[in-house]
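Engineer:
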Amino acid sequence: MKKVLIIHGPNLNMLGYRPKEHYGDLTLNQINQLISKENDSYFELEFFQSNSEGQIITKIQDSLDFYAIIINPAAYTHTSVGIRDALEIFKGIKIEVHLSCVDERDEFRKINYIRDVCDICFSGKKENSYLDAIKYLKKIK
Ligand code: DQA
């Protein structure tokens, strides 16, 4: 079975306490459950959350044999050349995901180090952005 890694970046473990107008009502655990349901055993899923840039980079390096990575780099989207460079090494399918509409918020969120090393981006649909990423993978499988 093809393996898909889902990476959640910093502060996404605090969903439920973060502004609901941007990030929705669900906890990360609830989102992961919805992702698993949408996946419906198509892929072998691994979930990873970290607040640390280095741990995210190491996780990507350790997963080069995966079929795809779905990544919400959260705040590191706007700052991390390191995560960008790690994603560049990964040769599988790379999907950028955001709960909120990052391109239509604060100016600093328009800076994006990840976008052009990913194949596609789903954003602005809260938890459905992740589900769209899974649907996309199922469609192109
Ligand atoms: C986010 C958007 C980022 O700008 C922010 O720092 C996050 C979450 C999103 O999913 O909408 O933490 O990636």
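Positions in the sequence shown are counted from 1; adding 7 to them yields my numbering. C-beta atoms are modelled at their ideal positions from N, C-alpha and C, and glycine is treated no differently. Every value quoted in this text rests on a predicted model; they were computed, and no experiment measured them.
List the residues that DSSP assigns as beta-bridge partners of E51.
Structural biologist: On the sequence shown, residue 51 is found 44 positions in, with the first residue counted as 1. DSSP output for E51 lists K10 as bridge partner(s).
Engineer: Quick one: what does DSSP say K98 is sitting in, helix, strand or coil?
Structural biologist: Stepping through the sequence shown from its first residue, residue 98 is reached at position 91. Note: K98 maps to coil in three-state DSSP.
Engineer: Between Y30 and L22, which are expected to be in contact by the criterion C-beta below 8 Å, what is the C-beta distance as a whole number of angstroms?
Structural biologist: Sequence index remark: in the sequence shown, residue 30 carries index 23 (1-based). Sequence index remark: in the sequence shown, residue 22 carries index 15 (1-based). Going by Cβ atoms, the distance from Y30 to L22 rounds to 6 Å, so yes, they are a contact pair.
Engineer: According to DSSP, simplified to helix, strand and coil, what is S43?
Structural biologist: Within the sequence shown, residue 43 is the residue found at index 36, counting from 1. The answer is helix: DSSP assigns S43 an H, G or I state.
Engineer: Do T34 and ligand 2 come close, with the Cβ less than 7 Å from some heavy atom?
Structural biologist: For the structure depicted, ligand 2 is absent and the ligand set comprises only ligand 1.
Engineer: Opposite Q56 in the DSSP bridges: which residues?
Structural biologist: Within the sequence shown, residue 56 is the residue found at index 49, counting from 1. Partner(s): H15.
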